[in-house]
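What follows is a set of notes on a single structure, which appears directly below.
2 protein chains.
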Amino acid sequence: MKLYDGGRAPNPRRVQIFLKEKGIEIGEVIQLDLNAHDHRSEAMIAKNPTGTVPFLELDDGTVISETIAICRYFEEMQSEPALFGRNSHERVMVEMWNRRVEFGFMARVAFSFRHLHPGAAVLEDDQNEAWGLKNQKQAVEYMPILNNQLEHNRFIAGDHLSVADITAFVSCQFMKPARIKMPDEMVHLKRWFEEMLERPSTAI
Amino acid sequence: MKLYDGGRAPNPRRVQIFLKEKGIEIGEVIQLDLNAHDHRSEAMIAKNPTGTVPFLELDDGTVISETIAICRYFEEMQSEPALFGRNSHERVMVEMWNRRVEFGFMARVAFSFRHLHPGAAVLEDDQNEAWGLKNQKQAVEYMPILNNQLEHNRFIAGDHLSVADITAFVSCQFMKPARIKMPDEMVHLKRWFEEMLERPSTAI
């Protein structure tokens, strides 16, 4: 099995943290340089036509792209610790919260970075400042939803760590290059973020 | 159980088709008028803070938002016919293809509509024409990935209908208001689309 990885970008980080929480080590990890467009080379597009990173190549040649599909593959292979929920109710709540975070928060942080940061011009050929600014504003407006949830729950989807925490944590860390600040009143989000920072899985 | 529905918008349509394929009828369906911003009223935000449609309210008060979380809830409740895959391999492939379609195609069709169609100004307060045009172009550029997959597979994720087909079908239908045409050379995508149109679940 080979993992085609992309360093510290948010999606590669999600898979890296997921694997550490599972205690799974991948034998062969191939680092692609995203700024050099390695992931869009002819050889990589032949494997993964969408040109996204990370992706997994199994020994039988099967390619698995999309961060959450890769994580789900490892959940199917090794159920413990369950990071997609331990029963029907939890699986639905994890699906809901992971998606809430992805669409409401992570995507907006990512659009802010890609459309506003000079260093992202190499990835986004026509940066759209108005779009970046709108997403920056919406990312900030979304944080109270997470803060309220974390007032009543230790983790994003309830009492247990899940893939939704990994998505939210990586998004929060990505706020720095996206130039978004966590408002001081997000006390529960901050409490949770500090706890996540202390997990060995999140160390860089 | 109550389903808060949103008529013919793409995400409400995904849940409606999913339920028909499962043969599940919901007793109480409440239609929200999206153009009147019903889904963003104080009463609805108190139930679903993200203001998205559709969402489900169970008899114990639990709210499930996010289209795919709602579909997963019904898959957990009634496994047959399996629309998220029948075994580990299929579950991973369905996750991958559903996400490929969502991020690479559906989101781009939706952004095209929301940022270019005059009728969408009521939903998108500051339409961004450059962003809409870029997404229109990218949606067209993505179609060959689906066309190639459908050259070798009856359905998007393989031999069996899955939630990825529902996502892709609804996206293709939404191309009309988004003013995107399916190029003539997309013969396999067209073959699949015609087959999907004939399923009773997709009739409006």
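For the record, the sequence lines run as chains E and C. So the first sequence is numbered by the working numbering: it starts at 1 and just counts up by one. So the second sequence is numbered by the working numbering: it starts at 1 and just counts up by one. Every residue gets a Cβ at the ideal spot worked out from N, C-alpha and C, and that includes glycine.
Item: Test: E/Ser-88 CB closer than 7 Å to a CB of chain C; Value: yes
Item: C-beta contact flag for C/Asn-135 and C/Thr-67 at 7 Å; Value: no
Item: Under 7 Å between C-beta atoms of E/Ser-88 and C/Glu-76; Value: yes
Item: Buried or exposed by the 16-neighbour rule on C-beta atoms within 10 Å, applied to E/His-37; Value: exposed
Item: Length of the line joining the Cα atoms of C/Ser-65 and C/Glu-57; Value: 9 Å
Item: Where the alpha helix (DSSP H) through C/Ser-112 begins and ends; Value: 107-116
Item: Contact check, E/Glu-25 vs E/Ser-201, beta carbons under 7 Å; Value: no
Item: C/Ala-139, buried or exposed, once every other Cβ within 10 Å from all chains shown has been counted against 16; Value: buried
Item: Residue nearest to C/Phe-105 in terms of C-alpha spacing, selected from C/Leu-189, C/Leu-32, C/Gly-7; Value: C/Leu-189
Item: Boundaries (first-last residue) of the alpha helix (DSSP H) holding C/Val-63; Value: Taken as a continuous stretch (DSSP letters only), C/Val-63 belongs to no alpha helix (DSSP H), being part of the beta strand (DSSP E) at 63-65.
Item: Anticipated Cβ contact below 8 Å, C/Phe-74 with C/Ile-166, distance rounded; Value: At roughly 12 Å, the Cβ-Cβ gap does not stay under 8 Å, so C/Phe-74 and C/Ile-166 are not in contact.
Item: Cross-chain neighbours of E/Ser-65 in chain C, by beta carbon under 9 Å; Value: Met-96, Arg-99, Arg-100
Item: Separation of E/Gly-132 from E/Leu-113, as counted between CA atoms; Value: A quick correction: the sequence has Phe, not Leu, at residue 113 of chain E. Their Cα atoms are separated by approximately 7 Å.
Item: E/Val-15 beta carbon less than 7 Å from that of E/Ile-70; Value: yes
Item: Residue nearest to C/Val-63 in terms of C-alpha spacing, selected from E/Lys-47, E/Thr-62, E/Glu-42, E/Glu-95; Value: E/Glu-95
Item: Residues of its chain near E/Thr-50, where Cβ-Cβ distance is below 7 Å and the 5 sequence neighbours each way are ignored; Value: Ser-65
Item: Proximity below 7 Å, CB of E/Asn-128 to CB of E/His-117; Value: no
Item: Contact list for the stretch 27-51 of chain C against chain E, Cβ threshold 8 Å; Value: Pro-49, Thr-50
Item: Under the three-state DSSP convention, the category E/Leu-56 falls into; Value: strand
Item: Contact set between E/Val-122 and chain C, taken where Cβ atoms lie within less than 8 Å; Value: Ordered by position in chain C, no residue passes the 8 Å Cβ test against E/Val-122, which lies about 17 Å from the chain.
Item: CB contact flag (C/Asn-35, C/Val-122, <7 Å); Value: yes
Item: Collapsed DSSP secondary structure at E/Lys-2 in the structure displayed; Value: strand
Item: E/Lys-137 versus E/Cys-172 - alpha carbon distance; Value: 15 Å
Item: Host beta strand (DSSP E) of C/Ile-204 (start-end); Value: Premise fails: C/Ile-204 is in no beta strand (DSSP E) and is neither H nor E.
Item: C/Leu-83 classed as buried or exposed, judged by whether at least 16 other C-beta atoms fall within 10 angstroms; Value: buried
Item: Neighbourhood of E/Ile-180 by C-beta, 7 Å cutoff - its chain only, sequence neighbours within 5 removed; Value: Val-109, Ser-112, Gln-136, Ala-139, Val-140
Item: Distance between E/Asp-59 and E/Val-212 (C-alpha atoms, nearest Å); Value: No answer is possible for residue 212 of chain E: it lies beyond the span of chain E, which begins at 1 and ends at 204.
Item: Three-state secondary structure (DSSP) of C/Glu-124; Value: coil
Item: Min CB distance E/Ile-145 to chain C below 7 Å; Value: yes
Item: Beta carbon proximity, E/Arg-72 to chain C, threshold 7 Å; Value: yes
Item: Below-7 Å beta-carbon distance, C/Ala-130 vs any chain E residue; Value: yes
Item: 8 Å contact criterion, which C/Ala-98 and C/Ala-164 should meet: CB distance rounded; Value: Correcting the residue type first, residue 98 of chain C is Asn in the shown sequence and not Ala. Confirmed, about 4 Å.
Item: Own chain, CB closer than 6 Å to E/Ser-79, minus 5 neighbours either side, in chain order; Value: none
Item: Proximity to C/Gly-221 [Cα-Cα], best of C/Phe-174, C/Trp-192, C/Ala-130, C/Pro-183; Value: The shown model of chain C, from 1 to 204, leaves out residue 221 of chain C, and the question about it has no answer.
Item: Proximal chain C residues relative to E/Val-92, where beta-carbon distance stays under 7 Å; Value: Ile-64, Ala-69, Arg-72, Tyr-73, Glu-76
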